Structures are given as C-alpha cells and as structure tokens.
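Here's the structure, in structure tokens; my notes come after.
Numbering (mature numbering (1 follows the signal peptide of the UniProt record, and there is no 0)), first residue to last: -21 to -1, 1 to 236.
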C-alpha cells in the first residue's frame, strides 16, 4: 500500500501546480504594455499634427500652415497688420479633468521654425474683448501637434479683467493666470536659445515682464504662430501688428531683452 500513499500527495501537488498556472496565465496574456506617462516622448509625439498649407507673407513672418481654416479668417494690410476673426466656441485646450472642456477648434496660423537655432517671435496684440467674451484672447503659439504645444494669451478672465495667461500642453494642458493688463494692447514675445523657452509681455515694447521659463525639449522642426480664440461668446476679432519671427534669441531670459 505504500506506493498508493506516496501517489496521493504527488497527485495533489500536481493539481495545485496546474491550478496556479491557470490562474497566472491570464495575467501574462492580457496585461497590456504600460501607457506612456503624460510627459514622456511617446505621449508627446503620437497626437495628430493639424493644418493645411497656406501662404500668408508679412514683412516679418511667413505663415505656411493654417489650422482650422485660419487662412480664411485673417486679413492683412500693407502695414503688416492683421485682423483675425474667430467664431463661436473656438478654443484650444486639452482638459486634464476627463476631457470635459477639451476643445481644439481655434484657428491658428503657423510658420516653421528651425528649433536647432535660437528664435524669437514678437507681436503687438489688441484683443477684441466683449462684455460676454469670457476667455476671449489674442494668442501666440509654439506648436508640435494637437497634444504638445504652448500658448501665450492676452485674455479676458472670469471677473472681466484682462490679463496675460500661459498654457503649456504635454498630453493635457495646465492653465496659468499672470498679470492684469489695463491697457487695450500688449506686446507679446516667445524666445528660445535652443535650451530655454521664455515668454514675456510689455506695454511699450521696451521693458519686458517675464511670464514663464521652461526647458526647450521640442523637436528640431517646430511651428510658431498666432491665433484668435472665443471659447464662450459668439465671435470676435483680434488685431495683431508687427508680427515677426527671427532666428535670434533674447540675451537675458530674466529681463527679456
């Protein structure tokens, strides 16, 4: 009978091992690769690159890509001024709260930038603020794709005040309110020396206020441009002047000069 006594534990051990193997198999078979974190390169570069070719030449910049029909909404004059119309509920934002407020319908005009070299974009911005124009803004952009971009805005806030706002998007958008500006016009600037990106505003195009600094980790091919947004109201027109894009950077990233 001893052979049978030894056989029973052996059979039990085999059944237990088989059960463990069956329970473990679904984990290895069904577990998907981990999703990239919002700040990773994979997350940054898998989104759609929007826009259609366009040809809008001003003295200081050549726009060659139009997002959301921007080229049909902008008119320019011989002095290099641009009136940029925008319709109702147009915004560009990747909501971090379950996409409840996400919207990528704002028109944007873009010019190609060689990001292996320094660059600076400057514009005089006079937004078309209205009584009901919450978040209406004239905007400067750096753009890689629909989920990786940066915008610098002269915007109307929840209390009807006009202020500088910056939004940086890497998968989802942050949202930062900066100084209140009581003047109807502000000069706005985005500059990089290939290592750092700085955003600034000025009331006289001479004394610049720092808004934001961060590491330039954008790819070699980058886009810079202007936009109009009207997330809440029915429409508005924003006015831009002196738009320029050069392959030079500010020399002092704190002072913006």
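Glycine included, C-beta positions come from ideal geometry on N, C-alpha and C. Predicted model only: the values in this text are computed from it and were never measured.
Can you have a look at residue i and say buried or exposed, based on whether 16 or more other CB atoms are within 10 angstroms of its CB?
i           : result
residue 192 : exposed
residue 138 : exposed
residue 163 : exposed
residue 135 : buried
Check for me: the beta strand (DSSP E) holding residue i runs from which residue to which?
i           : result
residue 135 : 127 to 135
residue 121 : 116 to 124
residue 89  : 87 to 93
residue 193 : 187 to 194
residue 171 : 165 to 171
residue 198 : Here residue 198 belongs to no beta strand (DSSP E), and DSSP marks it neither H nor E.
residue 223 : 215 to 225
Determine the direct distance from the alpha carbon of residue j to that of residue i, and round the result to whole angstroms.
i           : j           : result
residue 76  : residue 98  : 33 Å
residue 233 : residue 95  : 22 Å
residue 214 : residue 116 : 11 Å
residue 128 : residue 205 : 13 Å
residue 37  : residue 101 : 13 Å
residue 185 : residue 172 : 20 Å
residue 156 : residue 210 : 16 Å
residue 26  : residue 227 : 29 Å
residue 61  : residue 143 : 20 Å
residue 121 : residue 175 : 13 Å
Under 8 Å, do residue i and residue j count as touching if we go by C-beta distance?
i           : j           : result
residue 212 : residue 130 : no
residue 84  : residue 69  : yes
residue 103 : residue 221 : yes
residue 88  : residue 57  : no
residue 180 : residue 190 : yes
For residue i, collect the residues of the same chain with a Cβ closer than 7 Å to its Cβ; drop the 5 residues on either side in sequence, then sort them by chain order.
i          : result
residue 52 : 63, 64, 65 and 86
For residue i, I'd like the list of residues in its chain whose CB is within less than 6 Å of its CB, leaving aside the five on either flank, ordered along the chain.
i           : result
residue 217 : 63, 106, 107, 117 and 207
residue 132 : 116, 118 and 144
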